Ligand code: PGA
């Protein structure tokens, strides 16, 4: 065996985990925190890894760090190795004729209101399957898809720059909510965007799919909302609207409202918000289950796709 390869085979799992976390979080401190080890431990692992590779893996960029070319190549290799192990795990499960293994699924934050309800009955049917659910905003889920961190993802807006299978399975209407005592709360007919133009708009953080769709919708109508605040979660948006800080675009599912026949939506009675009948709303969107076209799905992931497709959830899945 050539000597450099012999050296590379001495790389440990801990070193690779420290490297992957540091590359993703762009910080040794944050990687150490995520891995529940001390910062010097991560630094030592990175130094040993760099020695085994024979190249620097990170370089300074301003006050932070970034990957060198060798670091980028190693990150790609780490992701390939992860995908290989997942394929092997799935092959083993197939060989044993058992549905065992791990279902790794990522869901955008807005999907957290219903994905656990889908996973519950699935997990009960397949006690041999361990489920790992990661909940992140759209940008973070896309980043996870790029590095093949999950088997499947649930999202509203699959990215265009990745070859993906996409299976729409549930409606996701986006509505405008306002405090219950808002001056337009009792408006019967459609409210024009010009009527609501000078409101204070509360938006989700950059990177959120909800924000992306709302901005695209407004831009297509040449409407520039007065953005008063960006908030990092649907819960924060709901509380801020309820407290009278402004109006917002949000998934009807996130407020416990649901799509009604004819595309109308309403907030549940007793909530501190109402849905305003703004022209062009609800924005009709859908949830899709997506996975990479170049990935071999694990046995648990294949089973979950079939489960959603068949609508085993009592009608929640309609694809
Ligand atoms: P998000 O979810 O706003 O929580 O990112 C919406 C989506 O992208 O599907």
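Residue numbers (this note's numbering): 811 to 1129. In this text, a Cβ means the ideal position worked out from N, Cα and C, and glycines have one as well. It should be emphasised that the depicted structure is a prediction, and the values quoted were computed from it without experimental measurement.
By the DSSP assignment, the beta strand (DSSP E) with residue i in it spans what residues?
{"i": "residue 1027", "result": "From DSSP, residue 1027 is part of no beta strand (DSSP E) but of the alpha helix (DSSP H) over 1019-1030."}
{"i": "residue 940", "result": "939-946"}
{"i": "residue 931", "result": "That residue, residue 931, is in no beta strand (DSSP E); its alpha helix (DSSP H) goes 925-935."}
{"i": "residue 999", "result": "Run containing residue 999: none; DSSP gives neither H nor E here."}
{"i": "residue 868", "result": "868-871"}
{"i": "residue 1055", "result": "Taken as a continuous stretch (DSSP letters only), residue 1055 belongs to no beta strand (DSSP E), as it is neither H nor E."}
{"i": "residue 876", "result": "874-877"}
{"i": "residue 1080", "result": "Where residue 1080 is concerned, there is no enclosing beta strand (DSSP E), given that its DSSP letter is neither H nor E."}
{"i": "residue 965", "result": "962-965"}
According to DSSP, is residue i part of a helix, a strand, or is it coil?
{"i": "residue 1106", "result": "coil"}
{"i": "residue 1089", "result": "coil"}
{"i": "residue 1040", "result": "strand"}
{"i": "residue 1114", "result": "helix"}
{"i": "residue 890", "result": "helix"}
{"i": "residue 837", "result": "coil"}
{"i": "residue 1070", "result": "No answer about residue 1070 holds up, because its pLDDT of 41 lies below 50 and its placement is not dependable."}
{"i": "residue 980", "result": "strand"}
{"i": "residue 1045", "result": "helix"}
{"i": "residue 957", "result": "coil"}
{"i": "residue 1125", "result": "Residue placement at residue 1125 cannot be trusted, given a pLDDT of 45 that sits under 50; the coordinates are not used to answer."}
{"i": "residue 1006", "result": "coil"}
{"i": "residue 820", "result": "coil"}
{"i": "residue 814", "result": "helix"}
{"i": "residue 975", "result": "strand"}
{"i": "residue 1063", "result": "helix"}
{"i": "residue 909", "result": "coil"}
{"i": "residue 1034", "result": "coil"}
{"i": "residue 1096", "result": "strand"}
{"i": "residue 990", "result": "coil"}
Taking only beta-carbon positions, decide if residue i is within less than 8 Å of chain D.
{"i": "residue 934", "result": "Of the protein chains in the structure, only one exists, and it is not chain D."}
Heavy atom of ligand 1 less than 7 Å from the Cβ of residue i, yes or no?
{"i": "residue 767", "result": "With the chain running from 811 to 1129 in the structure shown, residue 767 is simply not present."}
{"i": "residue 962", "result": "no"}
{"i": "residue 840", "result": "no"}
{"i": "residue 1019", "result": "yes"}
{"i": "residue 1013", "result": "no"}
{"i": "residue 965", "result": "yes"}
{"i": "residue 1037", "result": "no"}
{"i": "residue 954", "result": "no"}
{"i": "residue 1032", "result": "no"}
{"i": "residue 918", "result": "yes"}
{"i": "residue 948", "result": "yes"}
Can residue i and residue j be called in contact, C-beta distance under 8 Å?
{"i": "residue 913", "j": "residue 1110", "result": "yes"}
{"i": "residue 916", "j": "residue 946", "result": "yes"}
{"i": "residue 1023", "j": "residue 984", "result": "yes"}
{"i": "residue 1078", "j": "residue 1090", "result": "no"}
{"i": "residue 866", "j": "residue 880", "result": "yes"}
{"i": "residue 976", "j": "residue 1100", "result": "yes"}
{"i": "residue 826", "j": "residue 888", "result": "yes"}
{"i": "residue 886", "j": "residue 837", "result": "no"}
{"i": "residue 1084", "j": "residue 988", "result": "yes"}
{"i": "residue 1021", "j": "residue 1014", "result": "yes"}
{"i": "residue 1114", "j": "residue 932", "result": "yes"}
{"i": "residue 1003", "j": "residue 1088", "result": "yes"}
{"i": "residue 819", "j": "residue 831", "result": "no"}
{"i": "residue 897", "j": "residue 1106", "result": "yes"}
Along the alpha helix (DSSP H) that carries residue i, what are the first and last residues, could you check?
{"i": "residue 862", "result": "849-863"}
Take residue i as the anchor and find which of the options has the nearest alpha-carbon.
{"i": "residue 1082", "options": "944, 1010, 980, 1053", "result": "1053"}
{"i": "residue 924", "options": "986, 955, 1062", "result": "1062"}
{"i": "residue 968", "options": "868, 833, 1095", "result": "1095"}
{"i": "residue 868", "options": "828, 1097, 890, 980", "result": "828"}
{"i": "residue 1098", "options": "964, 1004, 1112", "result": "964"}
{"i": "residue 864", "options": "1115, 878, 846", "result": "878"}
{"i": "residue 940", "options": "899, 910, 850", "result": "910"}
{"i": "residue 876", "options": "898, 996, 850, 834", "result": "834"}
{"i": "residue 1027", "options": "1092, 992, 1057, 982", "result": "1092"}
{"i": "residue 1118", "options": "1008, 970, 1056, 929", "result": "929"}
{"i": "residue 1048", "options": "1016, 1011, 1019, 1017", "result": "1011"}
{"i": "residue 982", "options": "1030, 893, 1055, 1059", "result": "1059"}
{"i": "residue 1007", "options": "991, 986, 996", "result": "986"}
{"i": "residue 891", "options": "959, 1116, 817", "result": "959"}
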